[in-house]
Amino acid sequence: MNKNPILNALGETLKKVGIDKKKVCITSDIFYKPEDIKPLGVDFYHIHRGRSIAFATGLKLGNPALKVIAFIGDLSTLGGNHFVHAGRRNMNLVTICINNYIYPFKATKKPVKTSFSTYSNFERPFNMPHLAKSCGAVFVARWTSLHTKELSSSITKALHKSGFSAIEVISPGGHYFAGIPDLKEEPDLIKFYYKNSEIKNGEETMNLEIEFGKKIIVGEFIDRERPTFIDLYNKRLSKVLGDKFEPYGGNRD
Amino acid sequence: MNRMEATVTEIRFGGFGGQGIIRSGIIIGRAASIYDNKSATMNQSFGPEARGGACSSQLVISEDRVLYPYVIRTDILVALSQEGYEKFVHELKDNGKLLYDEDLVKLKSTKRIDTYSIPATKFAEELGNRIIANVVMLGFLTSITQVVSKEAMNKALPESVPERYVELNIKAFDKGYKYGIEQKKAK
Amino acid sequence: MRANPRDVRTGILYIDGDVAAAEGALAAGCKFVGGYPITPSTEAAEAFVRRAPQVGAMFIQMEDELGSISAVMGASLSGKKSMTITSGPGFSLMMETIGFGAMLEIPFVIINIQRGGPSTGVPTKTGQADMMQARWGSQGDYEVITLSPDSPQESFDFTIKAFNLAEKYRVPVMLMSDECVGHMTEKVVVPEADKIEIEPRRLYKGPKDKYVPFKPDKDLVPPMVKAGDGYKLYLSALTHNERGYPTQNIKNSSSRRLIDKIRLNADDIIEIKEEGLEDAEVVVVSYGITSRVAFRAIEQARKLGIKVGNLRLVTVWPFPDKKITELSKKVKGFVVPEINYGQVVFEVERCVHGNANIILVPHGGASVHNPNDILTAIKTIVKDKKRYDGILEFKTELELRIFGSGDNK
Amino acid sequence: MKNETHPMENYLRMDRIPHIWCPGCGIGLAVTALVSAIEKANLDLNKLCVVSGIGCTGRVAGYIKLDSFHTTHGRAIPFATGIKLANPELKLIVVSGDGDLISIGGNHFIHAARRNIDMVVICVNNFIYAMTGGQVAPTTPSPAYTTTSPYGNFEPSSNVPQIAESAGAVYVARWTALHIRRLTNSILEALNKPGFSVVEVISPCAQYYSRINRLGDGMDMMKFYHDNSEIKHFEPTDNLSIGYQKEITVGKFVDRERPTYTESFQKWLKK
């Protein structure tokens with residue numbers, strides 16, 4: 001049992017998913033400790049901030065036989081562009097966006113403070129599922145980190161899909177916080193989000209904005225088919241070059 | 001700055017984008033360096049200046065290794081546009097050779113330099129495609145200046161153009177070459 | 001190991017330096033390029049992408065330079081020889097990831113076709129002012145290898161060499177070319193594949209459960225494994241120990257080894273081309289296109305009876321400290337021409353230890369030196385009886401014309 | 001004739017004319033529309049800034065006689081953000097190309113839209129990187145040829161209005177370089193609207209995109225726009241992707257209200 005609920009869900013998934021664990025690689029711009037990662041039995045790459053998806057793109061193109069899961073924690077700052085373009089290309093990756101953005105909720109009574117925004121946060125967060133859908137993701141879901149079973153099931157689906165999948169996980173990291181009167185402990189906060197969520201599978205992504213005082217809508221929203229980058233590459237090049245072209249498969253040895 | 005190599009020929013091509021100005025430099029450079037066993041360094045204009053409007057390329061041919069890669073005082077200027085002529089004629093050496101398309105360039109002065117004219121674009125049109133005017137000019141250049149051998153050009157030309165245009169290009173080259181011989185005799 | 005005939009376009013080609021670098025990469029077995037358009041390097045990417053599908057290589061034009069170099073990191077760890085192609089502004093954007101690559105000892109090559117700067121600068125004209133940035137542009141302490149070609153032929157040869165060094169030492173290797181070489185078209189001889197020596201990936205061969213990711217071999221370089229081979233890798237660019245696990249104990253980390261694997265192997269890595277150094281009274285130290293222009297001045301000086309030695313830095317980093325120090329004890333002085341206002345010349349000064357005079361022949365970029373300027377600098381060294389402190393900066397003919405003689409002599 | 005002046009002389013740096021754009025290029029038309037809109041908007045010219053990135057369209061800032069900034073590649077929007085936040089009185093106009101705004105600048109684009117920073121972004125989309133000689137762009141439709149897609153582009157292309165809408169822009173429109181009057185109106189509306197507005201201008205690139213793909217010159221492209229563009233106001237942005245030589249849907253797609261960054265900031269400050 002992993003202490004981190006998301007890694008825990010991922011561990012459960014990998015046990016049952018029916019994919020060779022050897023071929024699974026995790027890239028992440030969030031730091032996870034070796035002892036948390038080792039039990040998963042997969043390759044793990046801790047990438048500098050914001051470049052997890054770009055790195056994962058290289059890993060996947062370097063060896064298309066790999067199943068690459070890209071954790072991103074910093075979509076809200078550095079890596080947004082790679083997300084948008086990997087979605088457009090339909091790069092065959094599973095991205096798990098850890099949303100630790102800090103929202104003001106009614107229950108907290110006072111606005112939330114972070115070290116950067118001393119006057120509390122007035123910026124609006126992304127509607128990540130909507131952005132993911134707009135840029136072309138084939139599978140889009142959102143859960144809080146306490147929706148272990150649902151999250152695990154979504155990751156399973158994503159791993160079996162071919163194309164760009166985006167799963168948003170609402171999981172505020174406690175140590176980023178300062179000055180929330182009612183919610184001092186991290187688990188409390190996660191529970192708070194869990195309680196304030198509502199499952200609406202298939203909801204229009206446009207309506208998934210996380211707003212002050214409203215429930216967070218979670219669920220699976222998009223599940224569609226689009227040819228992946230490598231599919232399109234092979235199709236186009238075979239068409240133009242004919243027999244001269246050997247479909248790209250990387251080193252499958 | 002003066003070029004210190006004695007055995008160097010510097011060539012400048014001036015014209016418009018789309019006239020094959022850069023390709024001309026490549027063909028002669030290839031002929032000289034691969035088949036005539038000399039050294040030839042080709043440079044071209046880049047950036048906004050290389051688009052749509054004016055276009056130029058420069059070629060330094062030497063018996064030894066070309067050390068300074070740009071032209072300093074040109075021996076030969078090939079002008080396929082009025083602008084190409086006006087912009088570069090000043091860098092021609094005394095008694096340098098100016099080769100130009102007589103329908104596209106109007107000379108302002110012939111002092112100091114040797115001039116050779118050819119209706120290259122007209123010839124190209126007669127052969128069926130004005131796009132090969134530069135190759136007519138290359139034939140003319142080869143016979144007038146002998147900076148490369150005809151044999152080398154005969155080998156380099158087919159390698160430098162799409163296969164289906166090889167025959168047309170050879171015709172164009174020969175046309176220019178012959179015209180050059182006639183002009184030389186006439187002089 | 002020899003090159004794969006499928007990858008090598010054997011023959012005598014007439015191509016520019018950018019294309020030659022792309023051909024060199026293909027010949028070296030490069031199978032992945034992540035790139036982004038930037039003048040004057042784009043021709044290299046264009047040449048690579050045309051050939052890529054026929055040799056089983058992948059080219060992806062990423063959304064920016066941050067993306068392209070990050071993808072290169074991933075592809076290299078997947079087992080593909082990988083590179084990116086860029087110029088000044090893109091090179092600056094890549095810096096963070098170059099440090100990442102150095103830290104995780106990822107073999108990869110960067111082709112930097114330098115242009116005039118700073119910032120957007122003169123995109124279509126030449127410069128050599130990224131040399132210091134190439135060395136330590138990313139944060140922290142690390143070593144890299146750079147090579148500087150002076151012609152399309154060398155662009156081809158040195159790109160192969162760059163890949164070989166990258167694989168051998170698991171280090172970022174940069175081909176510090178420039179616009180002049182990149183856009184210059186010349187004859188390039190591409191040999192038969194079996195004449196091209198290729199360094200294979202340094203793969204770990206021991207038992208799977210005994211693999212320790214950063215445990216070095218005798219030459220201080222650790223062997224690698226590929227992603228997805230079942231080694232349960234844990235790689236982090238945090239300061240890490242042999243296992244790859246984060247540590248704050250610098251003594252147990254790889255930090256020192258990142259430096260040592262280059263410095264202690266410097267004799268094997270450094271390549272210089274020297275000529276006429278035995279009895280030289282003046283030595284011209286140069287690299288890249290400048291060394292070619294400088295050679296014209298050297299020839300001329302010799303005709304005047306001056307004993308000039310020629311020292312070409314093929315690898316600028318690591319720098320040939322020992323060689324320069326040794327020479328400094330014998331010669332009157334050094335002339336260092338470079339297309340910037342003084343970068344590598346400070347390295348020369350460091351190694352000369354005040355033993356000889358040094359004249360910098362600077363150049364603001366957008367063109368190459370006038371050989372006459374270098375010749376004048378050579379003559380000045382010979383004439384001078386006095387020993388100067390520091391570096392004497394030479395005013396070129398052009399600068400004199402524009403700014404007057406000033407207080408420099 | 002001597003006394004005749006160029007009608008746009010007050011707005012252009014006439015000393016820098018002729019401009020560098022090739023014959024048949026549509027960027028000049030976008031500039032004309034922008035200048036007309038500025039003229040109609042009747043704004044204080046001293047409070048207007050034009051910011052451009054790198055590329056052909058990046059040169060726009062260099063020709064407009066306002067406070068104008070030619071910045072680094074992809075960074076026009078964050079640069080403009082800085083100006084706006086330092087002095088909220090100023091009106092910011094960002095004019096740049098598809099490569100600059102959507103590819104390398106994509107992150108800034110979506111974040112500025114998310115924050116709803118008050119600025120007008122004019123994205124001139126010519127489907128290609130023209131300044132560097134014709135490389136594939138995220139907007140290049142499949143299977144168009146470019147120098148880095150020599151076998152035809154196989155990547156799906158970006159749908160600029162959709163990205164803008166999903167990231168949070170309050171005003172999104174698209175016109176071709178042919179719809180000069182409507183384009184002018186859209187820019188005018190955007191200038192008068194607080195918040196992040198995006199106006200996409202589909203523009204011919206006669207020198208690279210058209211030449212590589214054999215689509216004729218600028219006039220041929222204009223004719224193509226004439227025959228193949230359809231005005232559909234408030235069309236859902238999902239339907240706005242542009243296929244190769246396929247119909248182009250133009251119009252005003254989004255016009256909504258959201259508090260701008262500065263407004264939200266002020267509100268929080270008061271709290």
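Protein chains in written order, with the numbering used here: chain A, 1 to 253; chain B, 1 to 187; chain C, 1 to 409; chain D, 1 to 271.
By construction, the Cβ of each residue, glycine as well, lies at the ideal position given by its N, Cα and C atoms.
This structure is a prediction, so every number in the text was calculated from the model and none was measured.
Within the same chain, 123, 127, 136, 139 come within 8 Å of residue 175 of chain B by CB-CB distance, once the 5 residues on both sides are set aside. Counting along the chain, the unbroken alpha helix (DSSP H) around residue 180 of chain C starts and ends at 179 to 182.
Between residue 154 of chain D and residue 247 of chain C, the alpha-carbon positions lie close to 45 Å from each other. In this structure, residue 44 of chain C places its C-beta atom within 7 Å of the C-beta atom of residue 85 of chain C. Considering only beta carbons, no part of the stretch 99 to 118 of chain C lies closer than 8 Å to chain D.
The three-state secondary structure of residue 172 of chain C, taken from DSSP, is strand. Residue 68 of chain B reaches chain C at 293, 296, 371, counting residues in chain order whose Cβ is nearer than 7 Å. As for any beta strand (DSSP E) of minimum length 3 sitting wholly inside the stretch 33 to 83 of chain C, the runs are 58 to 61, ordered along the chain. Beta-bridge partners of residue 101 of chain B (DSSP): B:118. In the three-state reduction of the DSSP assignment, residue 219 of chain C falls in the coil class. Residue burial annotation: residue 387 of chain C is exposed, with fewer than 16 other C-beta atoms found within 10 angstroms of its C-beta. Assignment of beta-bridge partners to residue 175 of chain D by DSSP yields D:201. Residues of chain C with a Cβ closer than 7 Å to the Cβ of residue 43 of chain B are, in chain order, 183, 184.
At least one CB of chain A lies nearer than 7 Å to the CB of residue 158 of chain D. Secondary structure note for residue 100 of chain C: its alpha helix (DSSP H) is the uninterrupted segment 88 to 103. Rounded to whole angstroms, residue 116 of chain D and residue 16 of chain D show a C-alpha spacing of 34 Å. Under a 10 Å Cβ-count criterion, residue 249 of chain C is classified as exposed, with fewer than 16 other Cβ atoms of the shown protein chains found around its own Cβ. For residue 11 of chain A, not one C-beta of chain C is nearer than 7 Å to its own C-beta.
Closest option to residue 13 of chain C, judged by alpha-carbon separation, among B:32, B:56, B:71, B:116: B:32.
Under the DSSP assignment, residue 181 of chain D falls outside any beta strand (DSSP E), being part of the alpha helix (DSSP H) whose first and last residues are 180 to 191.
Listed in chain order, the non-local C-beta contacts of residue 247 of chain D below 8 Å within the same chain comprise 228, 229, 230, local neighbours out to five positions each way being set aside. Of all C-beta pairs linking the stretch 114 to 122 of chain B to the stretch 93 to 106 of chain B, three or more are shorter than 8 Å, placing the two stretches in contact.
Beta-bridge analysis with DSSP links residue 39 of chain B to B:62. Annotation for residue 137 of chain B: the continuous alpha helix (DSSP H) segment containing it runs 133 to 145. C-alpha of residue 180 of chain B to C-alpha of residue 317 of chain C: approximately 53 Å in a straight line. Taking all protein chains shown into account, residue 61 of chain C has 16 or more neighbouring C-beta atoms within 10 Å of its C-beta and is therefore buried. Within chain C, the residues 228 have their CB atoms less than 7 Å from the CB of residue 65 of chain A, given in chain order. DSSP places residue 8 of chain B inside the beta strand (DSSP E), whose first and last residues are 8 to 16.
Listed by position along chain A, the residues whose Cβ is nearer than 7 Å to that of residue 162 of chain D are 134.
Taking the C-beta atoms as reference points, residue 149 of chain A is found no nearer than 7 Å to residue 228 of chain C. Around residue 86 of chain A, the same chain offers 53, 57, 93, 164 as residues with beta carbons nearer than 7 Å, after the five sequence neighbours per side are excluded.
In this structure, the beta-carbon distance from residue 172 of chain C to residue 102 of chain C falls below 7 Å.
By DSSP's assignment, residue 142 of chain A forms a beta bridge with A:168, A:219. Inter-segment contact for the stretch 30 to 45 of chain B and the stretch 45 to 52 of chain D is absent: fewer than three beta-carbon pairs are separated by less than 8 Å. Annotation note: the stretch 249 to 292 of chain C contains the following uninterrupted alpha helix (DSSP H) runs of length 4 or greater, listed N- to C-terminal: 255 to 263, 266 to 269. Inter-residue distance for residue 241 of chain D and residue 155 of chain A is about 29 Å (C-alpha atoms, whole angstroms).
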